[in-house]
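Comments concern the structure below.
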Amino acid sequence: MDYRPLGRTGLQVSALCLGTMTWGKQNSEAEAHEQMDAALAAGVNFWDTAELYPVMPEAATQGRTEQYIGTWFKKNPGLRAKVILASKIAGGGTAWIRGGAPVTAASLREALIGSLRRLQTDFIDLYQIHWPQRPGTAFGQQWNLAPGFQDAAVHNDKILEILGALQDAVKEGLVRAIGVSNETAWGTMRYLQLAERHNLPRLASIQNEYSLLDRIFEPDLAEIAAYEQVGLLAWSPLAGGMISGKYLNGARPAGARWTVMGSRYSHRDTPQANAAVQAYCDLAQENGLDVCQMALAFVMGRPFTTSAIFGATNMPQLRNALAAANLTLSEPVLAAIAKIRRDYPMPY
17 MDYRPLGRTG
27 LQVSALCLGT
37 MTWGKQNSEA
47 EAHEQMDAAL
57 AAGVNFWDTA
67 ELYPVMPEAA
77 TQGRTEQYIG
87 TWFKKNPGLR
97 AKVILASKIA
107 GGGTAWIRGG
117 APVTAASLRE
127 ALIGSLRRLQ
137 TDFIDLYQIH
147 WPQRPGTAFG
157 QQWNLAPGFQ
167 DAAVHNDKIL
177 EILGALQDAV
187 KEGLVRAIGV
197 SNETAWGTMR
207 YLQLAERHNL
217 PRLASIQNEY
227 SLLDRIFEPD
237 LAEIAAYEQV
247 GLLAWSPLAG
257 GMISGKYLNG
267 ARPAGARWTV
277 MGSRYSHRDT
287 PQANAAVQAY
297 CDLAQENGLD
307 VCQMALAFVM
317 GRPFTTSAIF
327 GATNMPQLRN
337 ALAAANLTLS
347 EPVLAAIAKI
357 RRDYPMPY
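Heads up, the sequence shown is in the working numbering, so the first residue is 17 and it goes up one at a time.
Structure below.
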């Protein structure tokens, strides 16, 4: 397993990060514990969760994923020190989480204390803002983003308030490092600029979607991530499982994520995306590769990537993803990937 710096924090995290969002919905507590055991044994020391999880989000299950991690820590008290643990505060708009209110200094502290309680830990290594407090580009919204010139000052004040609350958490020892998720280039740079100007905590990472099918992180955010040492934590590096090919031609296997979660992934199900998936599946087969391992190896191999966040709903999927840590793609395969990207540059 390769280990990489988490920003400028001094922490070293595995190039694969264990994603947890299915725990409590598609996975039981026992299955979650089994995944944590196996991932840690394979050298994965980085886990990502959120107060919102599991997904699909609903009031009845909210926080259950963190609870499962907490019971694992309680069962294995000596292992907390071996895990770099990341979690996130939900942004506004989720009615059953603080009434759908946006992130403020007060709501951040409330969310953080709640996560610490569920996780049964005294601190969170990386605490992230799950989505911006303004329109963003995640989940296909890049087609609709239309920021207003007059809004910059308002958003600056919101970011400054969030950074101040995070500074308090860092000073108390509740948080070691901070990050953002689903952010834009402008938002990332504002966080960095305001932190430097006001001597506030500096971003260590940006957790955005990135895969063979979704590369809008390039070029602007990729350049920021590399030059500013705010590395990418790539979520959905398999495009919600689409890259496996299991959803081609409208297939919806029983128990699979798209089958369970319905319309959440509908923006990805386009003719162009399906054609791209078929091309990547063909490429993998021609080169004797597992297409999911190829996709993970590609994401891990990008110079701006700190870690690729993978999720699994069963142990064979988990073991298959872990095997990608040992895969280096050849130059001919990388050239073929580049060609497919040019043929399908923005498939959804």
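For glycine and all other residues, C-beta sits at the position ideal for the given N, C-alpha and C. Quantities reported herein were computed from a predicted structural model and do not represent experimental measurements.
Which residue comes first and which comes last in the beta strand (DSSP E) that contains residue i?
i: residue 20; result: 19–21
i: residue 371; result: The question about residue 371 has no answer, for the chain in this structure spans 17 to 364.
i: residue 376; result: Lying outside 17 to 364, the shown extent of the chain, residue 376 is not represented and no answer is given.
i: residue 224; result: 219–225
i: residue 192; result: 191–197
i: residue 141; result: 140–145
I'd like the span of the alpha helix (DSSP H) that includes residue i, first residue to last.
i: residue 355; result: 347–359
i: residue 296; result: 287–302
i: residue 213; result: 201–214
i: residue 88; result: 80–91
i: residue 307; result: 307–316
i: residue 234; result: Looking at the DSSP string, residue 234 is not in any alpha helix (DSSP H), and its letter there is neither H nor E.
i: residue 274; result: 273–277
i: residue 336; result: 331–339
Per DSSP, residue i is paired with what?
i: residue 64; result: 35, 102
i: residue 326; result: 34
i: residue 250; result: 224, 324
i: residue 365; result: With the chain represented from 17 up to 364, any question about residue 365 goes unanswered, as that position is not in the structure.
Label residue i either buried or exposed according to how many other C-beta atoms from any shown protein chain fall within 10 Å of its C-beta, with 16 as the threshold for buried.
i: residue 70; result: buried
i: residue 275; result: exposed
i: residue 167; result: exposed
i: residue 165; result: exposed
i: residue 355; result: exposed
i: residue 350; result: exposed
i: residue 170; result: exposed
i: residue 209; result: exposed
i: residue 359; result: exposed
i: residue 225; result: buried
i: residue 265; result: exposed
i: residue 37; result: buried
i: residue 318; result: buried
i: residue 90; result: exposed
Compare the beta carbon distance of residue i and residue j with 8 Å and say whether it is the shorter of the two.
i: residue 31; j: residue 324; result: yes
i: residue 288; j: residue 343; result: no
i: residue 299; j: residue 241; result: no
i: residue 120; j: residue 177; result: yes
i: residue 124; j: residue 181; result: yes
i: residue 282; j: residue 253; result: no
i: residue 27; j: residue 141; result: yes
i: residue 107; j: residue 118; result: yes
i: residue 50; j: residue 135; result: no
Can we count residue i as close to the ligand MG, meaning its CB is less than 7 Å from some heavy atom?
i: residue 23; result: Among the ligands in the structure shown, none appear at all, so the ligand MG cannot be discussed.
Decide if the region 331–351 is in contact with the region 225–242; the criterion is three or more beta carbon pairs, one per stretch, under 8 Å apart. Output reads no: the region 225–242 does not touch the region 331–351.
Evaluate contact between the region 301–320 and the region 253–263, counting only Cβ atoms and requiring at least three cross-stretch pairs below 8 Å. With contact defined as three or more Cβ pairs closer than 8 Å, the region 301–320 and the region 253–263 are in contact.
Three or more C-beta pairs closer than 8 Å, one from the region 179–190 and one from the region 147–164: is that the case here? With contact defined as three or more Cβ pairs closer than 8 Å, the region 179–190 and the region 147–164 are not in contact.
Looking at C-beta atoms only, is the number of pairs between the region 194–204 and the region 142–157 that lie closer than 8 Å three or more? The answer is yes - the region 142–157 touches the region 194–204, with three or more Cβ pairs under 8 Å.
With a threshold of 8 Å, are at least 3 pairs of Cβ atoms found where one atom belongs to the region 152–161 and the other to the region 57–72? Because the criterion of three Cβ pairs below 8 Å is not met, the region 152–161 and the region 57–72 do not touch.
Looking at C-beta atoms only, is the number of pairs between the region 212–224 and the region 288–297 that lie closer than 8 Å three or more? No, because fewer than three Cβ pairs between the region 212–224 and the region 288–297 fall closer than 8 Å, the two stretches do not touch.
Is the region 316–330 touching the region 38–58 in the sense that three or more CB pairs, one from each, lie closer than 8 Å? Cβ pair count under 8 Å is three or more, so yes.
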